[in-house]
Amino acid sequence: MYAQLRETAAELAGVLWREHTVYRERGGGVVIRGEHVRRWISLAPTGGKDRALLRAGRILDGGTTAPARTEVVVDLTAPVAELATTCRRMLAEVAAAADGSADPGPSRAGRPGKARKAPKAPKAPKARAARTGRSRHTGAGSWVVLVLVGVAVAAWAYTLFGGPGY
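See the structure below:
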């Protein structure tokens with residue numbers, strides 16, 4: 000499945016953007032990044048034969064990717080031009096969402112009856128705990144507890160198995 004996704008993604012990337020990067024993601028899918036347009040598209044396996052989950056999103060400042068704004072299940076046996084049309088429609092929705100304009104409504108890209116997921120409300124950034132100079136390694140207090148537990152276990156084992164035979 001990965002070979003089919005990779006081949007389809009390479010063809011699709013060539014149709015969509017002159018400048019692009021195609022790479023494999025952790026989940027077994029393929030990502031197409033268009034740095035110059037600050038957008039990304041991914042193709043991920045769905046478990047069905049010749050079907051893939053197509054997702055689109057933005058590339059944020061610093062090069063990180065924002066979560067997908069739209070997603071749809073597509074047929075990989077469809078012509079590349081048809082897949083490119085679906086991708087362009089999804090990218091237009093991502094651009095509209097990024098500009099803050101009104102939500103264009105559910106996507107009808109791909110199969111009829113498959114609407115895109117409703118966008119989630121943006122979450123507030125999590126506050127990071129201030130570093131107090133402590134490292135993430137085991138502290139001295141933890142070592143003392145570990146040694147005392149070890150001594151207690153050793154004493155119990157000694158009396159049970161090898162202690163003086165009273």
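The sequence shown begins at 0 in numbering that gives the first Met the number 0 and counts up one residue at a time.
Ideal placement from N, C-alpha and C gives every residue a C-beta, glycine not left out.
- Residue nearest to Asp-60 within the set Val-36, Ala-12, Gly-138 is Val-36 (criterion: CA-CA distance).
- As the crow flies, the alpha-carbon of Arg-54 is around 59 Å from that of Trp-155.
- Distance from the CA atom of Arg-38 to the CA atom of Ile-58, rounded to whole angstroms, is 5 Å.
- Ala-153 sits exposed, since fewer than 16 C-beta atoms from the chains shown fall within 10 Å of its C-beta.
- The distance from the Cβ of Gly-33 to that of Glu-18 is about 7 Å, consistent with a contact at the 8 Å cut-off.
- Of the candidates Leu-11, Pro-44, Gly-140, Leu-11 places its Cα closest to the Cα of Glu-81.
- In the structure shown, Gly-33 falls within a strand segment according to DSSP collapsed to helix, strand and coil.
- Leu-159 counts as exposed, since fewer than 16 other beta carbons sit within 10 angstroms of its beta carbon.
- As the crow flies, the alpha-carbon of Pro-44 is around 11 Å from that of Glu-24.
- Between Glu-92 and Thr-64, the C-beta gap is not smaller than 8 Å, which leaves the two residues out of contact.
- In the three-state reduction of the DSSP assignment, Asp-74 falls in the strand class, which pools E and B.
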